[in-house]
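The block underneath contains the structure these notes are about, expressed in structure tokens.
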Amino acid sequence: MAEAVSLGAGLVSAVIDSYTAVWKAYNTYLDVKEFPSAYQDLRVGLLIEKYKLELWANHVLSEGRQEEVKLSREYWPLWKIFDFIFNLMLESFQASDKTMDACGERTGLPTHENLTDEELLQRMSLAVKSPPKHTFRELSQTMKFVLRDKKKIEQLVKKLGFWNNSLDRMTSRLEQQSSRRRLRTRLFTDDITQLQRLERAAQMFNHPDLQQMAGVRNAIEEGTQQSVHQMPSSASLNAAPDFRLEIGQLKFKGTPHPTDQTRAMATYGREDVIIDWRCCEDDTWRKRNPAAFQLRIANLTKILNRDLSLLNLSVLQCVGYLDHNTNITGYAFRLPSDSLPGQQPLTLHQLLTNVKSSGDIPSLGERFELAKALASTVFEIHNIGWVHKNIQPKNILFWPRHGTNDEPNIMKPYVLGFDISRPDLPGEMSEKPPVSPEDDLYRHPDYKGEKSNSFQPSFDIYSLGIVLFEVALWRSVGSYKHRASQLNVDFDDPEFIEKTVVMGPVMELKRYTGNRYRDVVMACLSREFDGVWKENTGDRREQLKSYLGQVQNKIVF
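According to the UniProt record's numbering, the residues represented by the sequence shown are 1 to 557, in order.
Structure representation (structure tokens):
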């Protein structure tokens with residue numbers, strides 16, 4: 001036993017040493033002062049690969065995993081492959097115009113497109129001897145040669161990307177998703193030049209999610225700068241498509257303008273769309289800032305027109321907006337690709353308030369998938385630098401399952417209600433939602449009443465917590481009025497949720513959903529994330545990164 005532990009410890013030490021050598025090699029390249037200015041997109045690509053490796057190591061090479069490897073031989077073959085791959089990475093840095101693939105053949109760029117995970121592991125396990133390690137003096141000499149050749153840098157980044165992807169494929173799907181979210185957060189910036197470089201690098205090296213994230217962030221930053229000057233730049237006007245629609249372009253199915261309904265179905269061209277109307281009770285801000293208002297709705301449409309599913313956002317694609325007058329605005333959304341003509345969506349509010357029997361309650365597995373999708377969507381909205389401001393069941397829609405007429409697909413929600421959303425940037429503002437005691441149940445206590453505080457991203461998390469609580473029990477919080485009367489709590493009390501739900505039913509959630517789900521709901525409703533924004537010192541970007549890190553650790557499934 002002692003001998004096995006000693007051998008395991010030796011293997012762990014070798015793998016950590018190899019990883020550290022690769023990490024230092026990345027830094028040697030990234031820290032070089034002579035990195036040509038014309039190659040900055042390639043440098044960003046190299047930085048992406050370094051971050052990917054670090055995030056992978058945080059999962060796989062953690063101290064807990066190291067102890068498991070020391071005590072159990074079953075992990076040894078996999079860790080030997082890790083060591084082999086790290087040495088291949090070093091070989092790539094040392095001989096960047098050629099590399100050794102998993103079978104020992106020299107190629108320009110190895111590929112595993114047609115291999116299963118098992119075949120890839122088997123091919124790698126055939127290599128019993130790692131490539132030779134190289135000194136940093138040799139690496140420095142090679143680096144000076146490589147940095148003179150743009151093609152060699154590009155090939156180096158692609159090779160490193162291949163090996164990083166190979167390492168990722170040896171982790172679970174959840175670990176891969178978590179690392180990808182953290183990568184997007186880590187690359188967060190509000191510098192337009194850096195965003196443009198990131199977008200180009202992501203396109204060059206096949207990171208579609210990073211490309212979309214950078215494009216969205218760039219659109220937000222450009223829109224904000226235009227808003228400051230109250231006029232869009234001529235360059236952006238020429239480059240941006242015109243998303244403004246006229247009422248006459250739509251054929252409505254029912255009442256065209258909002259009355260008691262906030263949404264309407266219509267036909268735009270040859271496709272069905274859903275119109276999400278916004279009726280503003282107080283349009284003072286819009287009248288005082290018409291240019292800023294026009295830029296806001298045009299920019300939001302531009303952002304929602306992108307394929308945001310790459311960022312795990314459960315939203316519909318926006319095809320245009322209708323600016324009917326100063327207090328009525330509508331956004332036209334394309335229906336889900338698998339929806340059938342004439343199918344009407346249902347809101348989560350409708351489903352929660354129309355439970356007739358136990359057969360109307362989705363399975364626990366379906367509710368978990370719904371909760372995961374909603375948590376991911378709210379997180380990613382914040383990750384791109386936006387706040388929703390109106391997370392509630394009326395703004396969560398479902399279409400029927402494929403092949404059914406009316407059974408909603410609970411595991412595929414679509415979040416709407418972006419009408420009062422805005423960029424999460426200092427100085428940005430938008431109207432408050434209409435006053436409604438029922439809707440106020442989903443709002444943060446500090447965002448209720450006439451003297452409410454400025455909206456912060458953590459307020460969306462509070463709203464999410466209430467929705468997740470409802471999803472768990474498949475019951476609306478509005479149904480707790482009887483409990484409120486027993487506790488002598490008014491329905492319009494700003495702390496209605498805390499007094500009637502948090503201190504009772506939420507604590508009992510673990511009986512139905514387990515501890516993990518209960519803890520997520522508690523974290524949302526505890527207001528612990530508000531503290532990040534109460535700190536007046538420090539960079540807003542750093543505050544946001546800190547906030548996103550905390551939310552991902554405690555909220556995102």
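Virtual Cβ for every residue (Gly too), placed ideally from N, Cα, C.
Open item on the list: How far does the beta strand (DSSP E) with Ile391 in it extend, from its first residue to its last?
Closed with: No beta strand (DSSP E) contains Ile391, which DSSP labels as neither H nor E.
- [ ] Take every Cβ of the region 301-308, pair it with every Cβ of the region 348-367, and state whether three or more of those distances are shorter than 8 Å.
- [x] The region 301-308, when compared against the region 348-367, does not touch it at the 8 Å Cβ threshold.
- [ ] With a 10 Å radius around its C-beta and 16 neighbouring C-beta atoms as the bar for buried, classify Thr377 as buried or exposed.
- [x] Around the Cβ of Thr377, a 10 Å sphere holds 16 or more other Cβ atoms; the residue is buried.
TODO: Below 8 Å on the Cβ atoms is my guess for Asp276 versus Gly465; work out the distance and round it to an integer in Å.
DONE: Under the criterion of beta carbons closer than 8 Å, Asp276 and Gly465 do not qualify as touching, at roughly 24 Å.
Task: Gln402 classed as buried or exposed, judged by whether at least 16 other C-beta atoms fall within 10 angstroms - done: This sequence places His at residue 402; Gln is not what is there. That one is exposed.
Open item on the list: Considering just the uninterrupted stretch of the beta strand (DSSP E) at Met265, what are its terminal residues?
Closed with: Boundaries of the beta strand (DSSP E) around Met265: Arg263 to Tyr268.
- [ ] Going by CA-CA distance only, name the one from Met213, Gln176 and Asn27 that's closest to Gln194.
- [x] Ranked by how close their Cα comes to the Cα of Gln194, the residues Met213, Gln176 and Asn27 have Met213 in first place.
- [ ] Work out the CA separation of Lys151 and Met204 for me, nearest whole Å.
- [x] So the two alpha carbons sit approximately 12 Å from each other.
Open item on the list: Spatial neighbours of Val471 within its chain, please: C-beta separation below 7 Å, excluding the five flanking residues on both sides.
Closed with: Apart from the 5 residues on each side of it in sequence, Val471 sits with its Cβ closer than 7 Å to the Cβ of Arg367, Leu370 and Ala371 in its chain, given in chain order.
- [ ] Quick one: grab the DSSP three-state call for Pro400.
- [x] Residue state, collapsed to three classes: strand.
Open item on the list: If I measure Cβ to Cβ from Leu322 and keep anything under 6 Å in the same chain, skipping five residues before and after, which residues do I get?
Closed with: Answer for Leu322: Leu245 and Gly330, listed in chain order.
Task: Member of Glu91, Asn312 and Met522 whose CA lies at the smallest distance from the CA of Ser18 - done: Selected option, being the one with the closest Cα: Glu91.
- [ ] Below 8 Å on the Cβ atoms is my guess for Leu425 versus Thr224; work out the distance and round it to an integer in Å.
- [x] Contact between Leu425 and Thr224 holds: CB atoms are separated by about 6 Å, below the 8 Å threshold.
TODO: In angstroms with no decimal places, state the Cα-to-Cα distance between Ala266 and Ile497.
DONE: So the two alpha carbons sit approximately 37 Å from each other.
- [ ] Classify Met89 as buried or exposed, calling it buried when 16 or more other Cβ atoms lie within 10 Å of its own Cβ.
- [x] By the 10 Å Cβ count, Met89 comes out buried.
Open item on the list: When you compare the CB positions of Leu478 and Leu509, do they come within less than 8 Å of one another, or not?
Closed with: According to the sequence provided, residue 478 is Gly. The question's Leu does not apply to it. For Gly478 and Leu509, no; Cβs fall outside 8 Å.
Task: CA-to-CA distance, Leu11 to Val69, given in whole angstroms - done: Our two residues, Val69 and Leu11, have alpha carbons roughly 8 Å apart in a direct line.
Task: Cβ pair count under 8 Å reaching 3, the region 38-55 against the region 156-168 - done: Judged by Cβ distances under 8 Å, the region 38-55 makes contact with the region 156-168, as three or more pairs qualify.
Task: Buried versus exposed call for Arg540 [16 or more other C-beta atoms within 10 Å across all chains shown] - done: That one is exposed.
Open item on the list: Quick check on this structure: which residue in Arg182, Arg186, Val216 and Arg184 has the alpha carbon closest to the alpha carbon of Gln196?
Closed with: Among Arg182, Arg186, Val216 and Arg184, the Cα nearest to that of Gln196 belongs to Val216.
Open item on the list: Quick check on Glu49: does DSSP put it in helix, strand or coil?
Closed with: Helix, per DSSP.
Task: Coil, strand or helix - Ser546 by DSSP - done: DSSP places Ser546 in helix when its eight states are reduced to three.
TODO: Within its chain, find whatever has a CB closer than 6 Å to the CB of Leu308; leave out the 5 residues flanking it on each side and keep chain order.
DONE: Correct list, in chain order: Val315.
- [ ] In angstroms with no decimal places, state the Cα-to-Cα distance between Val520 and Val355.
- [x] Using only the alpha carbons, I get a separation of about 25 Å.
Task: Where Asp41 falls: helix, strand or coil (DSSP) - done: Asp41 falls in the helix class under three-state DSSP.
- [ ] Give the straight-line distance between the Cα atoms of Lys24 and Arg527, rounded to the nearest whole angstrom.
- [x] Each residue's Cα considered, the two are about 40 Å apart.
- [ ] Give the C-beta separation of Phe455 and Val506 to the nearest angstrom, bearing in mind that I take them to be a contact with Cβ-Cβ under 8 Å.
- [x] Separation of the CB atoms of Phe455 and Val506 is rounded to 24 Å, and the pair is thereby denied contact status at 8 Å.
Task: Local conformation of Thr20 per DSSP, three classes - done: Of the three classes helix, strand and coil, the one that applies to Thr20 here is helix, per DSSP.
- [ ] Quick one: give me the first and last residue of the beta strand (DSSP E) that Gly330 is part of.
- [x] It spans Ile328 to Arg334 - the beta strand (DSSP E) in which Gly330 sits, taken as one unbroken run.
Open item on the list: Once the 5 residues before and after Asp439 are set aside, which same chain residues still bring their CB inside 7 Å of it?
Closed with: Setting aside the 5 residues that flank it on each side, Asp439 is surrounded in the same chain by Gln392 and Pro433, each with a C-beta closer than 7 Å to its C-beta; the list follows chain order.
Task: Residue span of the alpha helix (DSSP H) that contains Phe469, given as start and end - done: For Phe469, the enclosing alpha helix (DSSP H) stretches over residues Pro457 to Leu473.
Open item on the list: Going by DSSP in three states, Lys251 sits in which element: helix, strand or coil?
Closed with: In the structure shown, the three-state DSSP call for Lys251 is strand.
Task: Reduced DSSP category for Asp276 - H, G, I as helix; E, B as strand; rest coil - done: In the three-state scheme derived from DSSP, where H, G and I count as helix and E and B as strand, Asp276 is classed as strand.
TODO: Express the C-alpha separation of Ala219 and Gly154 in angstroms, rounding to a whole number.
DONE: Residue identity differs from the one stated: residue 154 is Glu in this sequence, not Gly. Distance between the alpha carbons of Glu154 and Ala219 is about 27 Å.
- [ ] Check whether the Cβ atoms of Pro423 and Asn409 lie closer than 8 Å to each other.
- [x] Against a cut-off of 8 Å, the Cβ pair of Asn409 and Pro423 comes out as no contact.
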